[in-house]
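First the structure, in the form of structure tokens, and then the observations on it.
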Amino acid sequence: MPGVSAEEAVLVKWFLGPWLIGSSLELVLMGVLGCQFVNYYSWYPDDSRGLRIAVAVLCLLSVLKSAETFASLWIFLINHFGNIEYDLSLSTTGWWDTANPLMVACIDFYVQCFYLYRLWGVSKRWGVVAPIFAFFVFSMVAIGLATYFIATAQHNDVSSWFGTHLGTAFAGDAILTSTTAYFLLKTKKYTISSRTAGLLTSLVRLTFQTAAPAALVAMFNLIFSQMYRTSNPLLGYVEIAFNQPLPKLYAISMMWTLNARRAIRARNELSGSGSGSGGDCPSGVRVRSPHRTNDDLELGRIEVVKHTQTTQHVDITKMFHHSTTSENVEDGLSSGNHKMHS
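Residues in the sequence shown are numbered consecutively from 904, following the numbering used here.
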């Protein structure tokens, strides 16, 4: 590179290279996310107001983050092209660069709260949700401290607290995904209807599918963030390439979960019409077709059919609105008025 020393050329490759790759991926994923937002508002006009507002807030946060990403690239590669020392100094002098990890973490936390509410809809137990929420709150405290140490150029502390943030968030995500799948499988255990069981199986599969991309990128982000302390600290800059697109992967995960309702319901209705009511339950058991409510997050109303010819309504993943007719499946099964034969 003309006019740049060999040392500066290495810094350009290892610092600006990951910025360019990560930011390009972030902007491409913003296009994917834009399609998901359009599909959501086209497919689910009857969703509750709270849920539609939550999606609108996510859309706003995603657009603002992409604007910050584009502005960063413009400053690095256009306004100060070739001035690598100035680019590196922006981590302490440019508020938008200093706060970039915090912006990423805020979007991640927003999506994590969405999934926590979903877990509460499945479990109806604050004792299950609260400890995982504490993980995510601690991760936000950690990234707040890391941002402070970035601004004050205390690099050793930055690596420690950034690693703490990523490790805690990763552990919380893993626990959240596993716990959600556990309660869905637990609900399936008490389900007689094969149609309902198939619906729950689809949700368990969806839980892991939507969590996998963000979890994989977060894992590499954590690994490379600790490379600053190794004998080759330049590898630490690689984490930028993983950190930049991470909030978009979280947002895509949330929108994937919401938009998957259409396909899941279609498959469920198709399998139900193909097998008929007789294939779902033992003879002599009355079967009622599940009906949908606008408030439901992704299942419509799950109905657990009893041998006593009573029907239990269970809202598995209801969000933002509470219904007095909704009951936890375990409450219904443990009551003396209902009998279940495994």
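Backbone N, C-alpha and C fix where the C-beta goes; we use that ideal spot for every residue, glycine too.
Selected residue, minimal CA-CA separation from I1010, among Y1020, W1029, K968, L991: K968
At what residues does the alpha helix (DSSP H) containing Q1057 begin and finish? First-last for Q1057: undefined, no H or E at that position.
From A1033 to P1148, what distance separates their C-alpha atoms? 28 angstroms
May I ask you to report which of helix, strand or coil DSSP gives N1162? helix
If you reduce the DSSP assignment to three classes, tell me which class Q1215 lands in. Note on Q1215: pLDDT 41, under 50, position unreliable in the model; no value is reported.
Using 8 angstroms as the cut-off, can you tell me whether the stretch 1089-1101 makes contact with the stretch 1066-1077, which would need three or more C-beta pairs spanning the two stretches below that distance? no
Decide if C938 is buried, meaning its Cβ has at least 16 other Cβ atoms within 10 Å, or exposed. exposed
Flag this pair as yes or no: are the beta carbons of Q1129 and S1042 separated by less than 8 angstroms? no
In whole angstroms, what separates the C-alpha of L1088 from that of G1101? 11 angstroms
If contacts are defined as beta-carbon pairs under 8 angstroms, then M1006 and E971 qualify, I think. What distance do you get, rounded to the angstrom? 7 angstroms
Going straight from the alpha carbon of L1119 to that of I981, what length do you get? 32 angstroms
Assumed close pair S1156, A1114 - CB separation to whole angstroms, cut-off 8 angstroms: 7 angstroms
Three or more beta-carbon pairs under 8 angstroms between the stretch 950-958 and the stretch 978-992, yes or no? no
Option in V935, N942, L993, D950 with minimal Cα separation from S965: V935
Have a look at L1022 and T995 and give me their C-alpha separation to the nearest angstrom. 39 angstroms
Give the C-beta separation of W917 and Y1131 to the nearest angstrom, bearing in mind that I take them to be a contact with Cβ-Cβ under 8 angstroms. In fact, because the Cβ distance is near 12 angstroms, the residues do not count as touching under 8 angstroms.
Using only CA atoms, which one of I1053, W1029, G1070, N1059 lies nearest to T1082? W1029
Applying the criterion that 16 or more other CB atoms from any shown protein chain within 10 Å of the CB defines a buried residue, is P948 buried or exposed? exposed
Could you please give the first and the last residue of the uninterrupted alpha helix (DSSP H) stretch that includes T997? Residue 997 is actually Gly in this sequence, not Thr. Run containing G997: none; DSSP gives neither H nor E here.
Indicate the three-state DSSP secondary structure (helix, strand or coil) for D949 in the structure shown. coil
Can you give me the C-alpha to C-alpha distance between F1038 and A909, rounded to a whole angstrom? 44 angstroms
Backbone secondary structure at G1030 - three-state DSSP: helix
Where Y1140 sits in the DSSP three-state scheme: helix
Own chain partners of I1143 with C-beta closer than 6 angstroms, once the 5 adjacent residues on each side are dropped: P921, W922, G925
Go ahead and pull the three-state DSSP assignment for F984. coil
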